[in-house]
Amino acid sequence: MELRCIVLGGDALEVVTLLNRDEAWLGSYGQIIQDAQQVLQYCMEWKATHVPRAGNGVAHSLAKMALSVGQEVMWQDDFPLSARAAMRGAGNLSLLLCWVLLLLTTSFAANLTYDHRALVIDGKRRVLISGSIHYPRSTPEMWPDLVKKSKDGGLDVIDTYVFWNLHEPVRNEYDFEGRKDLVKFVKTVADAGLYVHLRIGPYVCAEWNYGGFPLWLRFIPGIRFRTDNEPFKAEMKRFTAKIVDMMKQEKLYASQGGPIILSQIENEYGNVESAYGPAAKSYISWAASMATSLDTGVPWVMCRQVDAPDPIINTCNGFYCDQFEPNSEMKPKMWTEGYSGWFLSFGDSVPYRPVEDLAFAVARFFQLGGTFQNYYMYHGGTNFGRTTGGPFIAPSYDYDAPIDEYGILRQPKWGHLKDVHKAVKLCEEALVATNPTVTSLGSNLEAAVYKAGSTCAAFLANVDTQSDATVNFMGNSYHLPAWSVSILPDCKNVVLNTAKINSVAMIPSFIHQSLSGNIDSSEALGSDWSWINEPVGISKDDAFVKPGLLEQIDTTADISDYLWYSLSTNIKGDEPFLEDGSQTVLHVESLGHALHAFINGKLAGSGKGNHDYPMVAVEIPISLVAGKNTIDLLSLTVGLLNGGAFYEKTGAGITGPVKLKGTKNGTIVDLSFQQWTYQTGLKGEELDLSSGSSSQWVSQPTLLKNQPLTWYKTKFNAPAGSDPVAVDFTGMGKGEAWVNGQSIGRYWPTYVASKGGCTDSCNYQGNYDQSKCLKNCGKPSQTLYHVPRSWLQTSGNTLVLFEEIGGDPTQISFATRQIGSLCSHVSESHPPPIETWNTDSRSGMKLGPTLSLDFGTPHGICGGFRHGQCNSKRALSIVQKACIGSKSCRIGVSIDKFGDPCEGVIKSLAVEASCTLRGLL
1 MELRCIVLGG DALEVVTLLN RDEAWLGSYG QIIQDAQQVL QYCMEWKATH
51 VPRAGNGVAH SLAKMALSVG QEVMWQDDFP LSARAAMRGA GNLSLLLCWV
101 LLLLTTSFAA NLTYDHRALV IDGKRRVLIS GSIHYPRSTP EMWPDLVKKS
151 KDGGLDVIDT YVFWNLHEPV RNEYDFEGRK DLVKFVKTVA DAGLYVHLRI
201 GPYVCAEWNY GGFPLWLRFI PGIRFRTDNE PFKAEMKRFT AKIVDMMKQE
251 KLYASQGGPI ILSQIENEYG NVESAYGPAA KSYISWAASM ATSLDTGVPW
301 VMCRQVDAPD PIINTCNGFY CDQFEPNSEM KPKMWTEGYS GWFLSFGDSV
351 PYRPVEDLAF AVARFFQLGG TFQNYYMYHG GTNFGRTTGG PFIAPSYDYD
401 APIDEYGILR QPKWGHLKDV HKAVKLCEEA LVATNPTVTS LGSNLEAAVY
451 KAGSTCAAFL ANVDTQSDAT VNFMGNSYHL PAWSVSILPD CKNVVLNTAK
501 INSVAMIPSF IHQSLSGNID SSEALGSDWS WINEPVGISK DDAFVKPGLL
551 EQIDTTADIS DYLWYSLSTN IKGDEPFLED GSQTVLHVES LGHALHAFIN
601 GKLAGSGKGN HDYPMVAVEI PISLVAGKNT IDLLSLTVGL LNGGAFYEKT
651 GAGITGPVKL KGTKNGTIVD LSFQQWTYQT GLKGEELDLS SGSSSQWVSQ
701 PTLLKNQPLT WYKTKFNAPA GSDPVAVDFT GMGKGEAWVN GQSIGRYWPT
751 YVASKGGCTD SCNYQGNYDQ SKCLKNCGKP SQTLYHVPRS WLQTSGNTLV
801 LFEEIGGDPT QISFATRQIG SLCSHVSESH PPPIETWNTD SRSGMKLGPT
851 LSLDFGTPHG ICGGFRHGQC NSKRALSIVQ KACIGSKSCR IGVSIDKFGD
901 PCEGVIKSLA VEASCTLRGL L
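Heads up, the sequence shown is in full-length UniProt numbering, so the first residue is 1 and it goes up one at a time.
Printed below as a string of C-alpha cells:
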C-alpha cells in the first residue's frame, strides 16, 4: 500500500520524503494499516478543512508505513511525533497535519485476472478502450499532453511496444535516456490515471528498423530468429526478463499498485508460423512458459496466435475484428490492433481511413462480444533518425491517427471516436454481464442485445455497403444508414450512429515562415549556408579489399546507410569500349535499396527500389577513357526489413552482377569477381559533421548547389510561438537532416507517388484496406518533417544536411502546424450530443464553430460547402451572434431557431469557421 497526502498549513508547505525501509521501524502491520486508513478518512472527508488533532499513534504509524513503502508524504508543523522526527530521531519536534489540499492518492495492489467476458480488475469485469502511443516516436516533453488528450478522448489504456534495438544497441549495454526512457513514459501514463499494456515482444514489427531486433543478434553463431533455437531463446529471455525486472523494481505492474495491466510476448507470429514447421509449435509453447514464469501478476497476450497456449490470451489484429473468436471459451474477446489508418512509404501516396468506417468497426466489435479494443495508432508520431524499417518507410508515422504526428487532435476522427467510446461505456454494465443475443432484422441487418436482469443495451447494425434501411426493433422504428451501427444503451433510445458525425471537423494547415525576416543577417536562413564536399569513393583509413561483391548488412552491421564499392580498371586504347561511336552501359544489380554510380568521380546515374520490391537493377550509359577508370558505387539502405519468415536472412547491397556492356559491338565484361575496395559509411560521418561543429565548413558568397554528396550547414532561429514545427525540404534530393545534432530522419522529396488511385473523397461504406483511400497522388510522399519544439532553442539553432544527389538548400523553409478552419455538418436526424443523453432525449444537435454557411440542404464537404436549393436567410446572423469573438459556442439545430425554409425535407446546418485566434477550441 502506498499513500501520499499533501497538506498545507498557514503559508508554508513542508515535504518529507521517507525512503528508509529499515524493518526496525515497523510495528504491527495491521495497526499501521488501521491508523493510516484513519488519516485517509480525515483527508477524504475534510479536503479543505482543518483536520482534528490526532494522537501520536496515528502519526507514528503513518510514518512507519511510509518508511516501509518509500513514499512521499507532505506535512506542516505542529503534528505530534512527526515522521520527520521519527526518521531523524528528534523526539520533541511536533507537527500539525492540517489544511488538506485536493491531491490525495492511494495506490493498492490490484488483482488482475480474466474470464470469458472481459479482463477482471479487483473482481470487476471491465470494458477497456486503449490506444497505441510509441514513446520513442515522440519526445518526453510531448508525452503528458499526448496522454491527456488520449484520456480526454475516452481511453482507459495506453499501449506501447518495447524496442529492443533502441535499448540495447550493443550487447549488454543499455540505454533508457531521453525518448528511450520507458519507465518515465509508463509513469507519465500512470500520473494521468490510465492503465498500460506493455508489449514486450521483443519482436515488434511496427515498421521499425529490423523489427526491433538489435543487429548484433544477427552475428551470434548458430542463431535463427523466432524459432526453437537455443541461442535466440537465451537472448530473448534475457531481454524480456530485463524489462520485466525494471518494471518490477519501479512497482509498475498492477499487481504492485502500478498501471501495467497487460503484457505481450511475441507478435503476430501466426503470420509466419507455418514456415517454421514443427519448431514453431515448441517455440510458442516455450515463449508462453517463459513469459508466465516471470511472475508479473498480470495476464499475457499473444496477437494473431490462434494456438496461444493457456493461460495466454490470443487476440486479434486487423481493420475489423468483429468476427474474431478466442481459442478458448474461458478467454475474453480482445482486439490489440485496430488500424486507425496505415503507414507511409517513400514513393507511395498517403493513406487515410474515414472515421465513419473506423467507428463502424469499433462498434461492431463491441456489438459481437468484444470488451478490450486498442487503436493502432492513437498517436503515430515520427520515425526519428534511422529507426524506420520497411524498407522505405517514411519518417512520418502519422498513421491518420486521432492525434496527428505533431500532437494536434485530428478532427472529426478524435471527437467522433470519443463519442463512440462514451456510447460504449454507457453500455458497459450490460456488456460485461452476459454474452450478446444476435438476431437478424433482415438482409444485412442485425440486432445484438445484452440483457441481464433490468439492464439492457442493444446494437443495431446495417452491414450493407450501399442501401440505408429502416428496421423495427422492440416495437420501435429505427433508420440505419448503410455500413453503420446504432447504439442503444437502454435498448430503446439511440445515443449514437457511427455514420452520423456530431463532432466538429478541423482543417489543419502549415504556415510557412521565412526565417530571414526574424533573425539578424548573420543567421538568415540561406544567406549563411556553408558546405563540405563528401569525397567520392574511398576516403577512410578503415577501407579494405575483398574479391567479389559483399552483402551490405553483414559488412556494415547497419552502423551506416552507406557502403562504397570501388574498383579501378584499365581500358586499353584499342578496346571495343573506346571505338568510334561506341556506347558503354554499366549494368548493376542490387538486393537494395538504392544506389548511385560514379564514373571517374562524376555521378553517372542512380537507381532505387520501393517498399514492395526493394531490389534494384540499373543500366546506366557511361563514358570511359583510355587508361585508368574508377567505378565507385554507393549502395544505401533505407531501413531494414522488419518482418516475414526468416527475414534476418534478407540481405541488401550490390551482390551483382556488375558488368560493362558495349551496346554496338556486344562486348561484355563481368566485373563482379574482381578485387573491390570497400568502405563502410561516409567520411562526414567519421568527422561527426552532423553536429555542425567541424572547422572544415566552407562559406563563400556563391553557394554550391545541385551537387551530389554535399554536406550543408546553416543557423536559424526557432519560429515564433509554440505551434509544432516542421521543415519543408522542397528543392532537395535525398539525404538526412539534423537539428542541433539530433536526426529528424531521412528526407526524399524527389520520390514522387504515382498519379493514380486518389479521389476527391473516399466512400466509407464497404470493407477498408490500405489502398482504398489515398491522397497526395502524383506528389512527393513527404516534404514536411517534424522538428520537436523541445529540440529547438530560441535562437542559434544548427541545421545540417547530407545531400546525396543534389539540391538547392536555399529553397528550404520552416512551417508551423496550425488549425486553419473548423467546420461541421449536422442534420435534424442526428442524435443529440452524447453528453446530454438520457432515456428521454430527442433530436437536436449542438455544435461550436463560429461562422455559419447554410441551414437547409447544403452540399459538399468540409472546406467546400455549397448552398442547396433551400436555405435559411437568418442562419448566418444567428451563428455570428452566438459565436463570433468566442472561443467556443453551442447552437441548437432546429426549425424553431432557424425557421423552416423547405417543409417536409430533413434539413441540416453546415458551418465553417475561419480561425484567426489561437486556442479557438
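Virtual Cβ for every residue (Gly too), placed ideally from N, Cα, C.
Under a three-way DSSP split, which group does residue i fall into?
i           : result
residue 177 : coil
residue 483 : coil
residue 271 : helix
residue 242 : helix
residue 1   : Since pLDDT at residue 1 reaches only 30, below the 50 mark, its modelled position is unreliable, and no value is offered.
residue 404 : coil
residue 318 : strand
residue 932 : This structure gives no information on residue 932, because the portion of the chain shown stretches from 1 to 921.
residue 95  : With a pLDDT of only 29 at residue 95, under 50, the local geometry of the prediction cannot be trusted, and no value is derived from it.
Less than 9 Å separating the beta-carbons of residue i and residue j?
i           : j           : result
residue 751 : residue 347 : yes
residue 269 : residue 304 : yes
residue 594 : residue 604 : no
residue 631 : residue 569 : yes
residue 500 : residue 826 : yes
residue 642 : residue 341 : no
residue 795 : residue 611 : no
residue 740 : residue 320 : no
residue 537 : residue 509 : no
residue 558 : residue 215 : yes
residue 540 : residue 679 : yes
residue 822 : residue 879 : no
residue 733 : residue 805 : yes
residue 182 : residue 262 : no
residue 803 : residue 901 : no
residue 820 : residue 414 : no
Can you give me the Cβ contacts of residue i inside the same chain, cut-off strictly under 7 Å, excluding the 5 residues immediately before and after it?
i           : result
residue 613 : none
residue 127 : 118, 371, 424, 425, 428, 431, 432
residue 774 : 349, 350, 351, 757, 758
residue 656 : 549, 589, 672
residue 139 : 179, 788, 790
Can you list, in chain order, the residues of its chain with a C-beta nearer than 8 Å to that of residue i? Leave out the 5 residues immediately preceding and following it.
i           : result
residue 843 : Residue placement at residue 843 is flagged as unreliable, the pLDDT there being 34, under the threshold of 50; the coordinate-derived value follows with that caveat. Around residue 843: 828, 829, 830, 831, 832.
residue 193 : 151
residue 175 : 166, 167, 168, 169
residue 221 : 231
Kindly identify the DSSP beta-bridge partner or partners of residue i.
i           : result
residue 818 : 509
residue 588 : 618, 658
residue 596 : 606, 634
residue 112 : 121
residue 566 : 632, 677
residue 532 : 711
residue 446 : 440, 461
residue 754 : Note: residue 754 sits in no beta bridge, so no partner.
residue 547 : 675
residue 735 : 747, 803
residue 775 : 350
residue 669 : 660
I'd like the list of long-range same chain contacts for residue i, defined as Cβ closer than 6 Å, with 5 residues on each side in sequence excluded.
i           : result
residue 337 : 317, 376
residue 624 : 571, 577, 584
residue 190 : 259
residue 290 : 237
residue 618 : 588, 607
The ligand PLP heavy atoms versus the CB of residue i: any closer than 8 Å?
i           : result
residue 574 : Summarising the ligand content, the structure contains no ligands, and the ligand PLP is consequently not present.
Is there contact here, the stretch 475 to 494 with the stretch 362 to 380, by at least three beta-carbon pairs under 8 Å?
Three or more beta-carbon pairs separated by less than 8 Å link the stretch 475 to 494 to the stretch 362 to 380, which places the two stretches in contact.
Would the stretch 704 to 713 and the stretch 527 to 543 be scored as touching if the rule is three or more Cβ pairs under 8 Å?
As far as the Cβ criterion goes, the stretch 704 to 713 touches the stretch 527 to 543, which means the pair count is three or higher.
Inter-stretch contact (C-beta, 8 Å, three-pair minimum) for the stretch 635 to 653 and the stretch 211 to 220
Counting Cβ pairs under 8 Å, three or more are found: they touch.
With three or more beta-carbon pairs closer than 8 Å as the criterion, would you say the stretch 352 to 359 touches the stretch 791 to 806?
Cβ pair count under 8 Å is below three, so no.
Check whether the stretch 681 to 690 touches the stretch 249 to 265, counting contact only when three or more Cβ pairs, one atom from each stretch, lie closer than 8 Å.
Inter-segment contact for the stretch 681 to 690 and the stretch 249 to 265 is absent: fewer than three beta-carbon pairs are separated by less than 8 Å.
Touch check for the stretch 130 to 142 and the stretch 157 to 164: three-plus C-beta pairs under 8 Å?
Verdict: yes, contact present.
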